[in-house]
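Its first residue numbered 15, the sequence shown is counted upward by one per residue in the numbering used here.
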Amino acid sequence: MNRPRRLALQVALVLGTLYIFGRAAWVEAAHPEPGLTWLFPAGDAPGKVGRTPRGLTGTGAAGCEPCHSEIVAEWRQSLHAGAWTDEVFQAAYVIEPLAFCRNCHAPMNSGKGEPEGLAAAEGVACAVCHIRGGKVLTAGRVAHDVAMPHPVKVVPEMRDSRFCGNCHDFGFLVRPKGKPPFETDEPQQATYSEWQMAHDADPSVGHCQDCHMPLRDSRARPGTRYRSHAFLGGNDLQMLKQAVRVGVTAEREGPDVVVTATLEPGRTGHAFPTGDLFRRGELRVKVDGHPDISGVIEMSRVFRDERLGAG
15 MNRPRRLALQ VALVLGTLYI FGRAAWVEAA HPEPGLTWLF PAGDAPGKVG
65 RTPRGLTGTG AAGCEPCHSE IVAEWRQSLH AGAWTDEVFQ AAYVIEPLAF
115 CRNCHAPMNS GKGEPEGLAA AEGVACAVCH IRGGKVLTAG RVAHDVAMPH
165 PVKVVPEMRD SRFCGNCHDF GFLVRPKGKP PFETDEPQQA TYSEWQMAHD
215 ADPSVGHCQD CHMPLRDSRA RPGTRYRSHA FLGGNDLQML KQAVRVGVTA
265 EREGPDVVVT ATLEPGRTGH AFPTGDLFRR GELRVKVDGH PDISGVIEMS
315 RVFRDERLGA G
């Protein structure tokens, strides 16, 4: 087979895929019910962790580790744990050092200044989701015949997507001169709105926790299961493979080779990519044995048909 003179790369979208890449850009922010703001005020204010529950030594992750070692070990490697220290976030924060950003990425920061100590080191830590007013919140059932080391409160909302919505769905922040900043209805991040639209169209679409916090068999306590706290997402190759299926065909047309990549929706309850507007997905096609022949198509939340030639 003679060496192709040129590689033409094109993308074919199959029915249903347009939602994954494009429709999210048209969705208005659909914030969760106001009743959940007692759990997460989002960017409007710091977290409302409150006093340390009786029986715990503090609100840091180390206080949870003796009884929940597997969960804490997963969390330490998660994006939640590095919410404040993440390099990409810090690069953006240098440009816009807003309280709105601090309140979501370091919600345990009680002051108006820069986060320090545990607030900076632990980002979105155990207490951010699980401690309110001297009690430990749980989504599961509590066995009343078992002595608890601390006060517990069952919060059913922790089982569904509303629990995630206040931090993962918000509009652009406008800062008019001489006036307080305010959030617009134009979504900057619309992951919850995207999920809500998918769920409304197909109720079989699960909640955030079903994909990002799957059940795990406990090694420390054989016979029991728990929700993973690794919070895997776009940083996990297996999750990416589940989100989008890619098929590739190649045909020779004279001296050229036309490569068609077909993108189909996989298991995802929101747009791909989702989250901040700067997030991108890249589709790269290379010809074996010819490293100088390749094509790249960049995908963002606002997807458009695009054909690239590479030679």
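Just so you know, even glycine gets a beta-carbon here, dropped at the ideal spot from N, CA and C. Quantities reported herein were computed from a predicted structural model and do not represent experimental measurements.
Cα-Cα separation, Pro-80 to His-119: 26 Å
Using a Cβ-Cβ cut-off of 6 Å (strictly less than) and excluding sequence neighbours within five positions of Met-172, which residues of its own chain qualify? Ala-153
Pop quiz: Thr-276 and Gly-295 are said to be a contact at Cβ under 8 Å. What is the actual Cβ separation, rounded to whole angstroms? Their Cβ separation, rounded to whole angstroms, is 15 Å, which puts Thr-276 and Gly-295 out of contact at 8 Å.
Can you tell me whether Ala-139 is buried or exposed? The criterion is at least 16 other CB atoms within 10 Å of its CB, across all chains shown. buried
For the alpha helix (DSSP H) containing Arg-293, name the first residue and the last one. Neither: Arg-293 is in no alpha helix (DSSP H) and is coded neither H nor E.
If you measure between the beta carbons of Ser-242 and Arg-230, is that distance less than 7 Å? yes
For Pro-55 and Leu-187, the rounded distance between their alpha carbons: 15 Å
The alpha helix (DSSP H) spanning Val-108 covers which residue range? 101-109
Could you give the DSSP three-state label for Ala-139: helix, strand or coil? coil
Cα-Cα separation between Gly-309 and Gln-256, rounded to whole angstroms: 23 Å
Return helix, strand or coil for Thr-238, following the three-state DSSP convention. coil
Please look up how many angstroms separate the CB atoms of Gly-185 and Glu-200, rounded, as I've assumed it's under 8 Å. 5 Å
For Gly-72, which residues of its own chain have a beta-carbon under 7 Å away from its beta-carbon, when the five flanking residues on both sides are left out? Thr-66
Could you tell me whether the Cβ atoms of Leu-70 and Gly-64 are closer together than 7 Å? no
Going by DSSP, which residues form a beta bridge with Leu-229? Arg-241
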